[in-house]
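**Q** Under the working numbering, the first residue of the sequence shown carries the number 902, and numbering increases by one thereafter. We put the beta carbon where it would ideally sit given N, CA and C, even for glycine. This is the structure I want to talk about, given as structure tokens.
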Amino acid sequence: SGLSLDGAVKVINIDHHLHNDFFGDLNYVDSKAAAVGEIIHQIFGNFPQYYSPRVAEALYTALVTDTGRFSYSNTSAEVLRAAATLVEWGACPQKVYNHLYENRSQNYYEFLAQALSRIELHFADRVALLPLERRLLLQYNLEDWELDEINDYPRSLAGVSVSIVLTETEEGIAKASLRSKGRNVAAIARAFGGGGHNNAAGATLQMPLSEARNQLLKFLEQERDL
């Protein structure tokens, strides 16, 4: 189900994805922004009276996560200036970092050891693929959100230009999370009904995990610019 919206409700669509379809009554889409948090800060940045430390911290968190802790190519001078302002207005970098990255369970690291041993390298080691079956998540009692950082590991391998993490949903179909070092993975995601940014994209494939793996590798085999 979900929330029923009648005609009296206005939808405000704020996004930073390149292929947003402008579905709102009001649309603010900036594909050059690193995060939606950056856009919101641009809108309200001249009105610090609307900020509380909690609001500043939420927007700072958006910047941290969408820039890979200020390490991705979308980390612009504007992003860093916004982060500095948000800290001045009450965001606590240490608190955000501890909550996001130093709050793991032992189960997570036991899972991580299993997961990293499953990384596959293809196409002269330029593509790293990590398939993760649902039973592995259940075995270690993990939630889907705990996989967010797993994408960084195959991508960090030397020589890899494209990384793909495939996870199995409760319905038995595959979700692909794609990352790159320069390659436009949004185009790959769109070929399978998804989308995203040039260096970070995703898609839900209406097929089992093993078939999704084979289909993605077949598609990449036809690419010339990996």
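Short check: CB of Leu1121 to CB of Val1028, under 8 Å?
**A** yes
**Q** Please give me, in chain order, every unbroken run of the alpha helix (DSSP H) with length at least 4 that falls completely inside the segment 928-960.
**A** Qualifying alpha helix (DSSP H) stretches, in chain order: 937-945.
**Q** So His917 and Ile940 are supposed to be a Cβ contact under 8 Å. How far apart are they, rounded?
**A** Rounded, the Cβ-Cβ distance is 6 Å, consistent with contact.
**Q** Distance, Cα to Cα, Asp1045 vs Leu1022?
**A** 24 Å
**Q** I need the straight-line Cα distance from Trp1020 to Gln1107, nearest angstrom please.
**A** Note on residue identity: the sequence assigns Ile, not Trp, to residue 1020. Spanning the two alpha carbons is a distance of roughly 22 Å.
**Q** For Asp916, which beta-bridge partners are listed by DSSP?
**A** Val930
**Q** Keeping to the same chain, check which residues put their C-beta closer than 6 Å to that of Arg1035; ignore five residues upstream and five downstream.
**A** Glu1069
**Q** Is it true that the segment 1093-1107 meets the segment 1003-1022, where meeting means three or more beta-carbon pairs spaced less than 8 Å apart?
**A** no
**Q** Buried or exposed: where does Ser902 fall if 16 or more other Cβ atoms within 10 Å of its Cβ makes it buried?
**A** Here the model assigns Ser902 a pLDDT of 44, short of 50, so the residue's position is not dependable, and the following value carries that caveat. Result: exposed.
**Q** Could you say which of Gly1060, Ala957, Ala963, Ala934 lies nearest to Ala978 if we only look at CA atoms?
**A** Ala934
**Q** If distances are taken between C-alpha atoms only, which option among Phe1093, Leu1037, Phe1024 comes closest to Glu1124?
**A** Phe1024
**Q** Where DSSP assigns a beta bridge to Ala1077, which residues make up the other side?
**A** Leu1067, Ala1104
**Q** So, using beta-carbon positions, are Leu964 and Gly946 closer together than 8 Å?
**A** no
**Q** Which residues in the same chain have their Cβ closer than 6 Å to the Cβ of Asp926, if we skip the five residues on either side of it in sequence?
**A** Lys911, Val912
**Q** Quick check: Ser1064 and Pro1055, are their CB atoms within less than 8 Å of each other?
**A** A distance below 8 Å separates the beta carbons of Ser1064 and Pro1055.
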